[in-house]
Amino acid sequence: EAGVTQSPTHLIKTRGQQVTLRCSPISGHTSVYWYQQALGLGLQFLLWYDEGEERNRGNFPPRFSGRQFPNYSSELNVNALELEDSALYLCASSLGENTEAFFGQGTRLTVV
Amino acid sequence: QKEVEQDPGPLSVPEGAIVSLNCTYSNSAFQYFMWYRQYSRKGPELLMYTYSSGNKEDGRFTAQVDKSSKYISLFIRDSQPSDSATYLCATYGQNFVFGPGTRLSVLP
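The listed protein sequences correspond, in order, to chains A and B.
According to the working numbering, the first sequence holds residues 160 to 271 in order.
According to the working numbering, the second sequence holds residues -17 to 90 in order.
Below you can see the structure in the form of structure tokens.
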């Protein structure tokens, strides 16, 4: 069974540009979570989608947004990139609330 | 007070040692607890998932939950150099809440 897949694996963008990151959950999982992990720091919660709707949002500015598609895959969009957005962006999926989450390998974003 | 606290380490042990990793949490409503292992520049890998107080064993790994003191532990027996990684404890509130991680080095 395929795990959580994320694309692309690496990305280099220029400050001010926009980026879209993609995540495909484990088959049957309806919840998708997005986290940011800056170098040497912990996981910071970004967004939670379930059944196509945004359920919760972390303490990030509105230029971080996303959506979940009918097939439960998800996109994370970041507008007006800043240098401090450089991080590993992790997607996780789960069957729903109070069930364990499984992570993808992440997308490493570098903003120059 | 942070929802989940964890000693960031680093923790260095010789190969074969028993490792004890610990977390405390603040909200008594938390019921589900997880331990993840994260190798450098990789996504976290789920090691253990527990619900109730007590012990859960899987191979060399034992997860322990004490809800009365809001304390969770992960024990690694016969530690190996391949266990060198950052270990993250997590629980579930309105979403998953992670500790900052403990960096473990197992020296050959």
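Quick reminder that beta carbons are idealized off the backbone N, C-alpha and C, glycines included.
Every value quoted in this text rests on a predicted model; they were computed, and no experiment measured them.
Cβ neighbours of residue i in the same chain (closer than 8 Å, five flanking residues each side left out)
i              : result
tyrosine 14(B) : Tyr31, Thr32, Tyr33, Thr73 and Tyr74
Below-7 Å beta-carbon distance, residue i vs any chain B residue
i              : result
glycine 265(A) : yes
alanine 260(A) : yes
Residue-level contact to chain A via CB, residue i, 7 Å cutoff
i                   : result
glycine 25(B)       : yes
tyrosine 69(B)      : no
phenylalanine 80(B) : yes
tyrosine 14(B)      : yes
tyrosine 21(B)      : no
leucine 113(B)      : Nothing can be reported for residue 113(B), as the shown portion of chain B is limited to -17 through 90.
tyrosine 74(B)      : yes
Residue i - DSSP class collapsed to helix/strand/coil
i                    : result
proline 63(B)        : helix
glutamate 243(A)     : helix
phenylalanine 261(A) : strand
arginine 266(A)      : A small fix is needed here, since residue 266(A) is threonine in this sequence, not arginine. In the structure shown, threonine 266(A) sits in a strand (DSSP, three-state: E or B).
glycine 36(B)        : strand
arginine 42(B)       : coil
arginine 222(A)      : coil
tyrosine 192(A)      : strand
glutamate 210(A)     : coil
leucine 180(A)       : strand
Contacting residues, own chain, Cβ-Cβ under 6 Å from residue i (five flanking each side not counted)
i            : result
leucine 3(B) : Leu56, Tyr69 and Thr84
Close-in-space but distant-in-sequence residues of the same chain around residue i (CB under 7 Å, 5 per side omitted)
i               : result
threonine 6(B)  : Glu(-13), Lys52 and Tyr53
aspartate 48(B) : Ser35
Contacting positions in the stretch 195 to 214 of chain A - beta carbon closer than 7 Å to chain B: In summary, the residues of the stretch 195 to 214 of chain A whose CB is separated from some CB of chain B by less than 7 Å are Gly201, Leu202, Phe204 and Trp207, in the order they occur in the chain.
Within 7 Å of chain A by C-beta, residues of the stretch 31 to 60 of chain B in sequence order: Listed by position along the chain: Tyr31.
Proximal residues, the stretch 219 to 251 of chain A versus chain B, C-beta separation under 9 Å: Of all residues in the stretch 219 to 251 of chain A, only Leu247, Leu249, Cys250 and Ala251 place a beta-carbon less than 9 Å from a beta-carbon of chain B.
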